[in-house]
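*Asks:* Just so we're aligned, residue 1 is where the sequence shown starts under this note's numbering, counting upward by one.
In this text, a Cβ means the ideal position worked out from N, Cα and C, and glycines have one as well.
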Amino acid sequence: MKNVSIGIAYFSVFIDVLGLSMMMVILPFLALYYNANSAQIGLMFASYAGCQMISIPISGRLSDYFGRRPLLLASLLGSCFGFLVQGLSTNFGILVFGRALWKTLEYGFMAMAFASMSVFIQG
Numbered sequence: 001m002k003n004v005s006i007g008i009a010y011f012s013v014f015i016d017v018l019g020l021s022m023m024m025v026i027l028p029f030l031a032l033y034y035n036a037n038s039a040q041i042g043l044m045f046a047s048y049a050g051c052q053m054i055s056i057p058i059s060g061r062l063s064d065y066f067g068r069r070p071l072l073l074a075s076l077l078g079s080c081f082g083f084l085v086q087g088l089s090t091n092f093g094i095l096v097f098g099r100a101l102w103k104t105l106e107y108g109f110m111a112m113a114f115a116s117m118s119v120f121i122q123g
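Laid out in structure tokens, this is it:
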């Protein structure tokens, strides 16, 4: 059971990092497609970091209250929804909104996944 939990956590982190890596490669081309200037591109990348800064402390409180496993599932679903909004965006504003939504709904997934893995490995 412990090995299955570790495997699921590793796979979840892999999926999240894969989505992040794919978006980092595609985003500059999408910004050019939507005729965004350099300030708008900077806003797009800053929205990711800003929403991450806000959502990680909140995720710590929520994981203390609800537990890590339900919040990990909710953050994976939130990531899927954010990626869906980004993928179906029709203009640059929706793309930035989808990116901010993705990171806000992700709830500090990586921090929770690493904390869960440390509990599984220790004991």
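Of all the options A39, I8, C51 and N37, which has the alpha carbon lying nearest to the alpha carbon of R99?
*Replies:* Closest by alpha carbon: C51.
*Asks:* Identify whether N3 lies in helix, strand or coil by the three-state DSSP scheme.
*Replies:* Reduced to three states, the DSSP call for N3 is helix.
*Asks:* For the alpha helix (DSSP H) that L88 lies in, which residues bound it at each end?
*Replies:* From DSSP, L88 is part of no alpha helix (DSSP H); its letter is neither H nor E.
*Asks:* Using the three-state DSSP reduction, which class does Y65 fall into: helix, strand or coil?
*Replies:* DSSP places Y65 in helix when its eight states are reduced to three.
*Asks:* Might you give, ordered along the chain, the residues of its own chain that have their beta carbon closer than 6 Å to the beta carbon of S31, omitting 5 neighbours on each side?
*Replies:* The amino acid at residue 31 is misidentified as Ser; the sequence shows Ala. Cβ within range, chain order: I41.
*Asks:* Please report the straight-line C-alpha distance between A9 and L72, rounded to a whole angstrom.
*Replies:* Cα to Cα, A9 sits roughly 9 Å from L72.
*Asks:* Under 7 Å Cβ to Cβ from V4, same chain only, skipping five residues before and after it: list those, please.
*Replies:* There are no such residues.
*Asks:* Quick check on DSSP: helix, strand or coil for A36?
*Replies:* Of the three classes helix, strand and coil, the one that applies to A36 here is coil, per DSSP.
*Asks:* Could you check the C-alpha separation between V119 and Y48 for me, to the nearest Å?
*Replies:* If I take the Cα positions, the gap works out to 28 Å.
*Asks:* Give the single residue among A39, G19 and S63 whose Cα lies nearest to the Cα of Y107.
*Replies:* Closest by alpha carbon: S63.
*Asks:* Using the rule of at least 16 other Cβ atoms within 10 Å of the residue's Cβ for burial, across every protein chain shown, is M53 buried or exposed?
*Replies:* Under this definition M53 is an exposed residue.
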